[in-house]
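Worksheet: the structure to be examined is printed underneath.
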Amino acid sequence: MGHECERECRLGDTRICKYEFHLELYHTLSRACHGCPNVTADCYRPDCISGDGRPRPVTVVNRRLPGPAIQVCEGDEIQVLVKNGLISETTTIHWHGIHQSGPGAAWMDGVPHVTQCPILPGTSFLYSFRAHPAGSHFWHSHSGVQRGDGVYGALAVRRARIADPLASHYDEDADFLVLADWLPETSVANFASHHHASGDNKPDGILVNGRGWPPRAFPYRPSPFRPVASLPPLANVTVKPGKRHRIRVIGNGVLNCPLEMLIDDHPLTVVATDGFPVRPFVVDSFVVYAGERTDVVVKADREPGTYWIRIRGHIDCGVNFTRASQVALLVYEGAESLSSPFPSSPVGFRYFPLPNRTYNGVNEGPGKVEEGRWTASETTWIGNDGDLDPAWRKPDPDRFFLLTFDFYPVPHSSFYHQEHYPVGSRFPPPRRDGHANALVDLRRIRDGGRNEPETIRETRSELGEREDDRGSQTSGCSPDGPLRRMPSPRSTSPLRLEDRVFDVAAGRRCISRTHPPRIVSVTVFDVGIVVRGALPHRRGSFLDTVPQIGRPRNENDEAVRPEGSVASGRRF
Numbered sequence: 000m001g002h003e004c005e006r007e008c009r010l011g012d013t014r015i016c017k018y019e020f021h022l023e024l025y026h027t028l029s030r031a032c033h034g035c036p037n038v039t040a041d042c043y044r045p046d047c048i049s050g051d052g053r054p055r056p057v058t059v060v061n062r063r064l065p066g067p068a069i070q071v072c073e074g075d076e077i078q079v080l081v082k083n084g085l086i087s088e089t090t091t092i093h094w095h096g097i098h099q100s101g102p103g104a105a106w107m108d109g110v111p112h113v114t115q116c117p118i119l120p121g122t123s124f125l126y127s128f129r130a131h132p133a134g135s136h137f138w139h140s141h142s143g144v145q146r147g148d149g150v151y152g153a154l155a156v157r158r159a160r161i162a163d164p165l166a167s168h169y170d171e172d173a174d175f176l177v178l179a180d181w182l183p184e185t186s187v188a189n190f191a192s193h194h195h196a197s198g199d200n201k202p203d204g205i206l207v208n209g210r211g212w213p214p215r216a217f218p219y220r221p222s223p224f225r226p227v228a229s230l231p232p233l234a235n236v237t238v239k240p241g242k243r244h245r246i247r248v249i250g251n252g253v254l255n256c257p258l259e260m261l262i263d264d265h266p267l268t269v270v271a272t273d274g275f276p277v278r279p280f281v282v283d284s285f286v287v288y289a290g291e292r293t294d295v296v297v298k299a300d301r302e303p304g305t306y307w308i309r310i311r312g313h314i315d316c317g318v319n320f321t322r323a324s325q326v327a328l329l330v331y332e333g334a335e336s337l338s339s340p341f342p343s344s345p346v347g348f349r350y351f352p353l354p355n356r357t358y359n360g361v362n363e364g365p366g367k368v369e370e371g372r373w374t375a376s377e378t379t380w381i382g383n384d385g386d387l388d389p390a391w392r393k394p395d396p397d398r399f400f401l402l403t404f405d406f407y408p409v410p411h412s413s414f415y416h417q418e419h420y421p422v423g424s425r426f427p428p429p430r431r432d433g434h435a436n437a438l439v440d441l442r443r444i445r446d447g448g449r450n451e452p453e454t455i456r457e458t459r460s461e462l463g464e465r466e467d468d469r470g471s472q473t474s475g476c477s478p479d480g481p482l483r484r485m486p487s488p489r490s491t492s493p494l495r496l497e498d499r500v501f502d503v504a505a506g507r508r509c510i511s512r513t514h515p516p517r518i519v520s521v522t523v524f525d526v527g528i529v530v531r532g533a534l535p536h537r538r539g540s541f542l543d544t545v546p547q548i549g550r551p552r553n554e555n556d557e558a559v560r561p562e563g564s565v566a567s568g569r570r571f
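Numbering follows numbering that gives the first Met the number 0, with no gaps: position 489 of the sequence shown is 488.
Structure, rendered in structure tokens:
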């Protein structure tokens, strides 16, 4: 039986919704599971957490993975009594997506040492806040690495259909798919092994609503001769033929593992992202990153049966590393009587279909101005660059732009302590996780052509050299005027700068005929770079045009391109 607050929302009908969360250290395939996974029915026993069939310690709420889903109506008052049953760890719960507004609401946000003192072992704390705004959210621990071990769950704030701008686009709204990358060991053990020993931090497993198959099960080719009794049950979504089902997909990513999802033979209509409605559009697949939520509508208009819901990892659990994948089931009502519980097509990373339309794809740079879309590394921070134009302070925007996150591996020099990694050394140190170091070697440049004392920008050189550029017009295509700030170039993705040359003075595509082109200014970000200036007009990747700090070199002190590096044009 569901919670009393799980109801059809009506205007003016608000309630007080009380929940009790008990945190404790627990275990998958515990004694409560009896014969699971060999006896499938045992996997559904109370307090049994099957996970992906691999035994490991977990930290959970109410002995459930994920924890209890909170489903309320907009305007309800949510009260959650959190009891910390951990032995030696404090905890807090953050309500991801909820706007904590109103008297005293800021103290309910769940950030330890910021909005509250941590909840000590053996003590409790009562969270109380209004359910606002409507949308798909989720809750999770905000202490240590507990979120990676199971302290998370869904949170849906619905509104009356008469007030729902998406009401005409779906018929049913009862399903969650909470996606999470998953390790075979506790997060703290993985952290210690990765940072202080020879371990890595690459997830090899994925969970869907706390369930899944272990990596050894993939690739899986359904066959009457292949036993599946030793595999744990999968998550499933049951649909009614002819109905349009809204599925709220939540990304509880912990490590660098964006997750892509699709459903065999079923297009997906995206209707909301991060809790807010959008103009519906149809895709074949979509990617969720850590903390993101994507609402999709699936129309059950295919032949009744069972269809694979496929999930695959990217970046650290993608093709270059663990190739993590997982499946769940889309089941039509009445299909339970079929002779085989699984579709006939094989599943696994290698069998993930190549979608034609992917929303929120990984590393989609360069952006397209006409589509109003950029990646994070194509932006420049201007928060302290003078006063904000008053026209930008309007309460309602004139245009909307989609800014997607990206993972171009360009580490930032400030992450490395200069006392331990001095300029004269090859910094950063070689990475053990397989990624190439992609720091760009920047040189001192002269911002010439000005009637003022020359300005020198100090940047790091791989060998600690300091060079002065000779001549004032080595980079510009406008020798008659000074160098000026230019708009971001049309393409600033590190993987898409081939044959791009930009005029630092006028912003037009050009190349200097009197001096070799060179970089004028490069802004280095955690996840990418923005280039301002002229680049060599030749074939090859941008990262081939300048030395890279920490990159292997041969006996002639020439940079050697490592296999699988950014410079080879391969995506992560």
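We put the CB at the ideal spot given by N, CA and C, even for glycine.
Residue interval of the beta strand (DSSP E) (run including residue i)
i: residue 93; result: 92–95
i: residue 86; result: Per DSSP, residue 86 belongs to no beta strand (DSSP E) and is neither H nor E.
i: residue 239; result: Note, residue 239: premise wrong, no beta strand (DSSP E); not H, not E.
i: residue 325; result: 324–331
i: residue 298; result: 292–298
i: residue 70; result: 69–72
i: residue 154; result: 151–157
i: residue 107; result: No beta strand (DSSP E) contains residue 107, which DSSP labels as neither H nor E.
i: residue 284; result: 284–287
i: residue 244; result: 243–250
i: residue 17; result: 15–26
i: residue 144; result: Here residue 144 belongs to no beta strand (DSSP E), and DSSP marks it neither H nor E.
i: residue 66; result: Counting along the chain, residue 66 falls outside any beta strand (DSSP E), and DSSP gives it neither H nor E.
i: residue 309; result: 305–312
i: residue 129; result: 123–129
i: residue 396; result: Per DSSP, residue 396 belongs to no beta strand (DSSP E) and is neither H nor E.
i: residue 31; result: No beta strand (DSSP E) holds residue 31; DSSP gives it neither H nor E.
i: residue 259; result: 258–262
i: residue 181; result: 171–181
i: residue 270; result: 267–272
i: residue 56; result: 56–60
Residues near residue i by beta carbon distance below 8 Å, same chain, minus five either side
i: residue 46; result: 29, 31 and 62
i: residue 578; result: A query on residue 578 cannot be resolved here, the shown segment of the chain reaching from 0 to 571 and no further.
i: residue 44; result: 31, 32, 33 and 35
i: residue 98; result: 131 and 132
i: residue 332; result: 237, 238, 239, 240 and 303
i: residue 334; result: 303, 304 and 305
Residue i - containing alpha helix (DSSP H), residue span
i: residue 187; result: 186–195
Check whether residue i and residue j have beta carbons under 8 Å apart
i: residue 65; j: residue 209; result: yes
i: residue 58; j: residue 1; result: no
i: residue 85; j: residue 22; result: yes
i: residue 292; j: residue 273; result: yes
i: residue 117; j: residue 142; result: yes
i: residue 231; j: residue 8; result: no
i: residue 136; j: residue 156; result: yes
i: residue 249; j: residue 178; result: yes
i: residue 50; j: residue 206; result: yes
i: residue 349; j: residue 221; result: no
i: residue 14; j: residue 108; result: no
Within-8 Å CB hit, residue i to chain E
i: residue 21; result: Of the protein chains in the structure, only one exists, and it is not chain E.
Residues near residue i in its chain [Cβ-Cβ closer than 6 Å; skip 5 each side]
i: residue 82; result: 21 and 123
i: residue 320; result: 201
i: residue 144; result: 186 and 187
i: residue 10; result: 159
i: residue 586; result: As shown, the chain starts at 0 and ends at 571. That puts residue 586 outside it, with no answer to give.
i: residue 259; result: 284, 286 and 311
i: residue 5; result: 70
i: residue 328; result: 233, 235 and 305
i: residue 138; result: 92, 94, 152 and 154
Cut-off 7 Å between Cβ atoms - residues of its own chain near residue i, not counting five sequence neighbours on either side
i: residue 395; result: none
i: residue 17; result: 78
i: residue 618; result: Given a span of 0 to 571 for the chain in the structure shown, any question on residue 618 remains unanswerable.
Fill in: Validate contact between the region 236–247 and the region 285–301 using beta carbons, cut 8 Å, 3 pairs
yes
Worksheet item: At a cut of 8 Å, does the region 250–263 reach the region 180–191 through at least three beta carbon pairs?
Response: yes
Item to complete: Give a yes or no on contact between the region 122–133 and the region 34–54, applying the rule of three or more CB pairs nearer than 8 Å.
Response: no
Worksheet item: Do the region 190–205 and the region 343–357 touch if we need at least three Cβ pairs shorter than 8 Å?
Response: no
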